[in-house]
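These protein sequences, in sequence, are chains A, B, C, D, E, F, G and H.
Heads up: the first sequence is residues 65 to 317, going by the numbering used here.
Heads up: the second sequence is residues 65 to 317, going by the numbering used here.
Heads up: the third sequence is residues 65 to 317, going by the numbering used here.
Heads up: the fourth sequence is residues 65 to 317, going by the numbering used here.
Heads up: the fifth sequence is residues 65 to 317, going by the numbering used here.
Heads up: the sixth sequence is residues 65 to 317, going by the numbering used here.
Heads up: the seventh sequence is residues 65 to 317, going by the numbering used here.
Heads up: the eighth sequence is residues 65 to 317, going by the numbering used here.
Cβ atoms here follow ideal geometry from the backbone N, Cα and C, with glycine treated the same way.
8 protein chains.
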Amino acid sequence: MNVRDVLEAYRQGEIDMQRAEQLLRMDFLERVGDHTLFDHARESRRGIPEVIWGENKSPEVVADIVKRVLEDRQAVLVSRVSPAHVDVLKRAIGADLVTYVEGPHLIVVDKNPGRPKAGCIGVLTAGSSDIAVAEEAKAMAQVMGCEVVTEYDVGVAAIHRFLDPLSRMLDKGVDALVVVAGMEGALPTVVSGLVDVPVIGVPTSVGYGYGGKGEAALMGMLQTCSPGLVVVNIDNGIAAGATAALISIRRRR
Amino acid sequence: MNVRDVLEAYRQGEIDMQRAEQLLRMDFLERVGDHTLFDHARESRRGIPEVIWGENKSPEVVADIVKRVLEDRQAVLVSRVSPAHVDVLKRAIGADLVTYVEGPHLIVVDKNPGRPKAGCIGVLTAGSSDIAVAEEAKAMAQVMGCEVVTEYDVGVAAIHRFLDPLSRMLDKGVDALVVVAGMEGALPTVVSGLVDVPVIGVPTSVGYGYGGKGEAALMGMLQTCSPGLVVVNIDNGIAAGATAALISIRRRR
Amino acid sequence: MNVRDVLEAYRQGEIDMQRAEQLLRMDFLERVGDHTLFDHARESRRGIPEVIWGENKSPEVVADIVKRVLEDRQAVLVSRVSPAHVDVLKRAIGADLVTYVEGPHLIVVDKNPGRPKAGCIGVLTAGSSDIAVAEEAKAMAQVMGCEVVTEYDVGVAAIHRFLDPLSRMLDKGVDALVVVAGMEGALPTVVSGLVDVPVIGVPTSVGYGYGGKGEAALMGMLQTCSPGLVVVNIDNGIAAGATAALISIRRRR
Amino acid sequence: MNVRDVLEAYRQGEIDMQRAEQLLRMDFLERVGDHTLFDHARESRRGIPEVIWGENKSPEVVADIVKRVLEDRQAVLVSRVSPAHVDVLKRAIGADLVTYVEGPHLIVVDKNPGRPKAGCIGVLTAGSSDIAVAEEAKAMAQVMGCEVVTEYDVGVAAIHRFLDPLSRMLDKGVDALVVVAGMEGALPTVVSGLVDVPVIGVPTSVGYGYGGKGEAALMGMLQTCSPGLVVVNIDNGIAAGATAALISIRRRR
Amino acid sequence: MNVRDVLEAYRQGEIDMQRAEQLLRMDFLERVGDHTLFDHARESRRGIPEVIWGENKSPEVVADIVKRVLEDRQAVLVSRVSPAHVDVLKRAIGADLVTYVEGPHLIVVDKNPGRPKAGCIGVLTAGSSDIAVAEEAKAMAQVMGCEVVTEYDVGVAAIHRFLDPLSRMLDKGVDALVVVAGMEGALPTVVSGLVDVPVIGVPTSVGYGYGGKGEAALMGMLQTCSPGLVVVNIDNGIAAGATAALISIRRRR
Amino acid sequence: MNVRDVLEAYRQGEIDMQRAEQLLRMDFLERVGDHTLFDHARESRRGIPEVIWGENKSPEVVADIVKRVLEDRQAVLVSRVSPAHVDVLKRAIGADLVTYVEGPHLIVVDKNPGRPKAGCIGVLTAGSSDIAVAEEAKAMAQVMGCEVVTEYDVGVAAIHRFLDPLSRMLDKGVDALVVVAGMEGALPTVVSGLVDVPVIGVPTSVGYGYGGKGEAALMGMLQTCSPGLVVVNIDNGIAAGATAALISIRRRR
Amino acid sequence: MNVRDVLEAYRQGEIDMQRAEQLLRMDFLERVGDHTLFDHARESRRGIPEVIWGENKSPEVVADIVKRVLEDRQAVLVSRVSPAHVDVLKRAIGADLVTYVEGPHLIVVDKNPGRPKAGCIGVLTAGSSDIAVAEEAKAMAQVMGCEVVTEYDVGVAAIHRFLDPLSRMLDKGVDALVVVAGMEGALPTVVSGLVDVPVIGVPTSVGYGYGGKGEAALMGMLQTCSPGLVVVNIDNGIAAGATAALISIRRRR
Amino acid sequence: MNVRDVLEAYRQGEIDMQRAEQLLRMDFLERVGDHTLFDHARESRRGIPEVIWGENKSPEVVADIVKRVLEDRQAVLVSRVSPAHVDVLKRAIGADLVTYVEGPHLIVVDKNPGRPKAGCIGVLTAGSSDIAVAEEAKAMAQVMGCEVVTEYDVGVAAIHRFLDPLSRMLDKGVDALVVVAGMEGALPTVVSGLVDVPVIGVPTSVGYGYGGKGEAALMGMLQTCSPGLVVVNIDNGIAAGATAALISIRRRR
């Protein structure tokens, strides 16, 4: 018995108000999972595109999922893909819709690339090995409508190396910084002590031996004494980019 | 030889420009550590008050530090204190300046409590044991000039328990959410899937056995599949509050 | 605008069916968090009493919570209490409602202790240090209406020591076994290889050195090669008792 | 000297009762390991088929073991196999006896696939990467005679996505739920808070960075505050399926 | 100046006793590292053959080391080799000296395989995957002159399965038992509770998920409550075999 | 129906041989758990006295257990006791039966302290903080009838410091060495390279920082390249002493 | 406005001293990141050549970086390279500039190999598997101008094996020792107890099972009771060589 | 038979040279452990005073050990003491010999405090909580004859705060730096990038949550990309001070 039936039965006097109310609550429990109704609201509200984990999925399966997602949405990302995924997807939905970001092996599909800029964030990396993760953050934020200013390989072993690029970035008015670093991961801590915008630290799985694979970097960022620094999981550039974009977009609204 | 001396010597023609430039750079290296000059810029820029770790410091030592900090700043927090710290501090700087937040054993000293509201954030906890950490976040954000809306003990074992309080909070226009949870720490993940503002997860050291002391909660929040969620270290409510306030204040500026 | 108002407005023809349906869905979102409505359904459905973590809560706070819970429910457990909690609670709700289980420092409050038996489970421990945890499991299952057969300290260092008590237990027709063990935690594995009912292993924080505090026991139970064994967290007798009771009660229904 | 010899010697008066008793106990110690006698009892009692770990065993070795097991038993599973294992086994025992479950690379051999249904369980997964593990649970439960209702990829990032499938499953009368989830592993906790049947959580090795490879999922499930949830080791779908089937079969008996 | 020179100079009266003593001590410090002198004593005393780690060494390098070692010693083992190592070594020192043990990929070179038996030990494994490690123990003990009685795949999931083989082994008079087990590693604990000879537990890297790769097995064996059980590192069959042989050989001397 | 009844019935011709055999097997299953019958055999066979964990047991409870154990056995140890345990026990069973070993807070009760020496082992410690654990090993081995030669605090930071005491110990003919060491735990490795008797390493919980609480010591001993070394858990002197005694006693038999 | 402009404006009286000072400080903040100015000072001061991580960089990219670095510097190291890197680099900058160190897969480029010796250090390894890491230390120290004395494979299982090589090394006047060891990593501890120069321990990722991959070695070295020993990360021969060279070079200056 | 006896017997012709040589080697093995002979050489060579761990030793025991050590040595340290230790020791050896360092609860006993300065090192801390550990390093280096320059609480959250103190320290000509830091432990890394003397990082057990108790600090220091940095264990100021002093003393010799 669905909502309309309940409403009708109530108007006809077949059921009283108490019974009607009870039936309506039951109906909700059955329907609340309905994707069409609910997810669309959420999607437009959050503005974060769906992310598909490409690894371990065949190019054909990925192409199918992308096509289905694009029916309702403007954009979708596919992470950790091979060249075969790119080829198959281009054939499936048209080459001009598919952008391949080489560093992080990421596919960006965006039906509306010309959308007006809605925000501005900065992305820095400590070393050159951290760039692929930074590019994930950048791609995600761009699809969400943000301008992204990047400064890569600014290091921290010698303090002064990042002061200049950091200054340039702040001059451009970024609302949040994504700072990507592996090994001992000190860059986000130092940056956070110098700026007045929130900093999202992204530890990367660069490094070896004790504390390698991102563990030392993650620990150091969480342990840091500088308020204003928050963290995402190792190598999770996409989450960092999404959060930085949320911050900036809301501010510009 | 300080800047003024160099400038004077140069104007007098005692040294040439090259030498003057060289001397000025040297001067910088000696002076750059000068707290008065530099920290003030940073303090006013970031708006985050100094936090003093009270544990293992005697009440007298804490009172001395607080007095020194207040010479330059508007506010200071002292975390993990005992009642003796509160008493001694009240005698040292006047009782009306000292606010004691009981849950987290936190002292707030604010010379300017009437400052106009500069932002608005929300703070939720999963359980009642998480409230002390949430109160740290609240106190920090308030000192930074934010209005703080709280909903405590909204749980996640039964899904529906937090939908209503969450709705109320979003209606008030919060710019960021601090979500505090121990044990399995699932609340920030679930909240993050429902809202369009950034969520800062704070794992707490509640829980026992495997994954106790906040480890499961931290892991779960970092591992979560929901972009838009960032994390601080276990029990670090202060850092979460500071970052949420940074986000909101910048937006309102 | 609540459900009744919508229904009335619809019957009066003030709104059409489409608008009524839309309003009703909104109403749900606002109300779904309503504890009274929802939790009662869940409580009666699951039959698992509320458990209050007594540690770090004052006797007065615990007494207040218990009183509030008892308004809607038949039973409540308070874990990790001190004698002071027991005294205050007895004064608050009457001594005859309050049962104190000494080993696990657990309070059981049951308004309906004479309920007909709804199931039967068995609880074994490897050593005498594991008994407190076993008593938690027993108390929880009893409140849920189960008969509980116990055999404590049956060990595993010498194989034969548990065959006899195990036989006795199976003869009584238990539907599930809770097997509690610390140190190397081998007992649940061995038991599970001998019986045809599901076994719930509870590692305890007994043991020291490498693998102490329950880690070896938990690992061993998870690593075991015997299908039919499932596990709860270290020292979590309450969860084990609740699950075993769920299994038995459903069977007898 | 075996039992019969002892009995004969005693009847003949060659040994007295005390000596006979002593000899009989010794005999037992030598014979108790006799597989034929003992294992058959156990097998029929527990109804859990033998599981062979196929990885690192050659197809020929696997085929030999399967043949030997089938002499006494109705069914056997071979986990983690390659296509070569399937081919060789089909040739060895006949293709119609061999069912290959592709996701988990599992071979099911069942001499009696038409057995009447003895129970009914439900299997859910959070994501599509968790399906292979879920299929292991399903295959095991089916061989044990259970009907298995599945709902895959119901997620938890958005709460409402699993309410509907969960409802459908409960309507079919399942006696236990197997809930499979990787990453932060929150689904079993949330499900367990909504249903009145026991829930067996299966963490999967999906996820990366801190808490990856199933660690966060396992921790979260063990740490959960919801009684009624029990856990098996990471990726151990077979054990979860076996336990769920034990629960349901016993209930229906 | 060597010992002989010092002695001569002293006899000639060229140096006094104090100086002679001083010189002799210096000489020792220079010579104590002399392999030929010292190692031979140790070798004959301990009777444990040299073990060469073959992995990551080319067949030629291994052949060279083996030849050099055989100049002074009766036997040598090369662990973790490939077929190429076997071929090259056979050509280098003669095929009849080289025995290849397939399971553990181990080469045994023994110039004196017909030595009289000097001891007797037993080796058991829980599963068939543990046999390669057991074969390492067996090979080491045999080269040291021990008879080795083996019983493989005796399991522990069902208690009774190992009682019979264990009895047979004790009847043969073994002086020590090596018990090899992966996964939860309970077999050594149970065996140790039944016998009066020392038991050396060898955890193997069999198993997956939490506690996999031998961690649960090692922990369980160390945590065990049964005195009489000692442990070696994961997969270290060679050390277990050597220690068991030391125990038995000394007893028979 | 017990063994004697079956035997009688068979002799009377009331049952035939097949039935008798079946009944006798059933009888075993019921009786095999009988402590009196079985444990005594085991006790006399293994010669290892019962060890009671005194911590967390009241003096009265300990005294009761000791009295019960002494009915059947010659000796019993109670570990981790307080002075109150000693006093109460002396009053309960007579002061002359109770020996208190101060270092490890251990009570030894031995009804037959004058038993002839059955073996000889050596116990060394690296530092003075390791002595309490060594004394546990010594007490256990003595109760089992071994002579125990000790050399404490022989260190390894300077190599030569332990050569002399080691020599003295070997001269006395020890059959096994227990070597106790905390911090980096290198002593057992070095000793094992110099002697031809088995060495049992006991890591102690001495040490701090990374690898503290015995973890570095345990790892180092397990990782050591010297065959002939086996290990027990951190601080488990009792297990080491029991195993060393087993080795020596068997040799002397 | 740069320094010269400020100076000129001040001399011209266009700005006063206060303004000049303010402008000069601002200028610094913009320039302090200038690599040319700053890094050169640091390079000549520290004398540590740049190290490029070759792994995951194409030969062409590596050749480009090396060429750029050589514009300003005397030497550069490229670690973890393949033969292809060597070939491409030789073609790019001339074969005679490129030295390939085979063990650690390391390229050394040194424009000034004939520089006068500026120091002397010693490098020892415990086993032959540790030599590649030792060769990294050696190459780094040599490029920094140190003579390097090596003694490889001196072991510690038998104490005496390293006394002789150690003596030889000290006779040559080394100012610091790099001691490389895997497995239990005891060699640096023992060496440190015998010498009066600082010892830098390098744990290597040799070893397996519990404490394998260098963990036991690192822990043991950190836990050691011998002052005078310091440590670098697992397999980090380059850092050890650089620090040892810094120590020796400063001494000789 | 000692060296002198052998020499005499040889001169008397009672034994021949071969026998004499053999006897002399044996003598060495017995004597090499002789503390008086050997340790003195080592002590004077290394110049590192004995360190006694005071915790868990009674004041009387500590006083006894100190007295014995002072018979042969100039200085001794007693770490982790209580006021009672100081009092008893002052009474035992005279108050003027005993210096108590309050921060680290350390006693320094130095018979020769006026020794000429033999070196100069610097000690920095990141925070005020790290000072006690730094004072341990300072005390050790001073007893070894070094001048110690300290700069405490120089932080790293704001980069510029340590440049000035660092400059002052280098101007004084320190040969090595001890840099003490807890939490994320970034200071040693940053310092090491700026100076041309070796840096010894000391992680402290300051910090909480994930990576607390010094783990993040230790990891970060080991993981750092800056060659020239070496590390000691968490809180081990004494070892850092000893190594820094060794470096400086050797340089000045």
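CB contact flag (Ala304/D, Val242/D, <8 Å): yes
Ala308/C versus Gly183/D: straight-line alpha-carbon distance, rounded: 18 Å
Residue burial classification, Gly77/C (beta-carbon count within 10 angstroms, cutoff 16): exposed
Residue-level contact to chain A via CB, Asp260/B, 8 Å cutoff: yes
Contiguous alpha helix (DSSP H) assignments of at least 4 residues, all confined to the segment 169-219 of chain H: 195-207
Any chain E beta carbon closer than 8 Å to Val162/H: no
Three-way DSSP call (helix, strand, coil) for Phe102/H in this model: In this prediction, Phe102/H has a pLDDT of 33, which is less than 50 and means its spatial position is unreliable; nothing more can be read from the coordinates.
Where the beta strand (DSSP E) containing Gly301/A begins and where it ends: Counting along the chain, Gly301/A falls outside any beta strand (DSSP E), though it belongs to the alpha helix (DSSP H) covering Gly301 to Arg316.
Below-8 Å beta-carbon distance, Leu282/G vs any chain A residue: yes
Spatial neighbours of Val294/C in its chain, beta-carbon cut-off 6 Å, leaving aside the 5 residues before and after: Ile264
Expected contact under 8 Å - CB spacing of Ile313/H and Met208/H to nearest Å: 7 Å
CB of Lys121/C within 8 Å of CB of Ala156/C, strictly: no
Outcome for Met81/A when other beta-carbon atoms lying within 10 angstroms are tallied against a minimum of 16: exposed
As assigned by DSSP and simplified to three states, the class of Ser231/A: helix
Straight-line gap, Glu200/C to Asp194/C (C-alpha atoms, nearest Å): 11 Å
Cβ neighbours of Arg109/A in the same chain (closer than 8 Å, five flanking residues each side left out): Low confidence applies to Arg109/A: its pLDDT is 47, below 50, so where it sits in the model is not reliable, and the reading given next is rough at best. Same-chain partners within the cutoff: there are none.
Met285/E versus Gly249/E - alpha carbon distance: 7 Å
DSSP bridge partner residues for Ala139/D (one or two, in chain order): Asp174/D
Ile171/C versus Asp299/B: straight-line alpha-carbon distance, rounded: 29 Å
Contacting residues, own chain, Cβ-Cβ under 8 Å from Ser192/D (five flanking each side not counted): Tyr216 and Asp217
Bridge partner(s) assigned by DSSP for Ala73/D: In DSSP, Ala73/D forms no bridge with anything.
Exposed unless 16 or more other CB atoms sit within 10 angstroms - verdict on Gly158/B: exposed
Short Cβ contact (8 Å threshold) for Met233/F with Val270/F: no
Any non-hydrogen atom of the ligand MN within 7 Å of Glu78/F CB: What this structure holds is no ligand at all, so the ligand MN is not there to describe.
Boundaries (first-last residue) of the beta strand (DSSP E) holding Val238/H: Neither: Val238/H is in no beta strand (DSSP E) and is coded neither H nor E.
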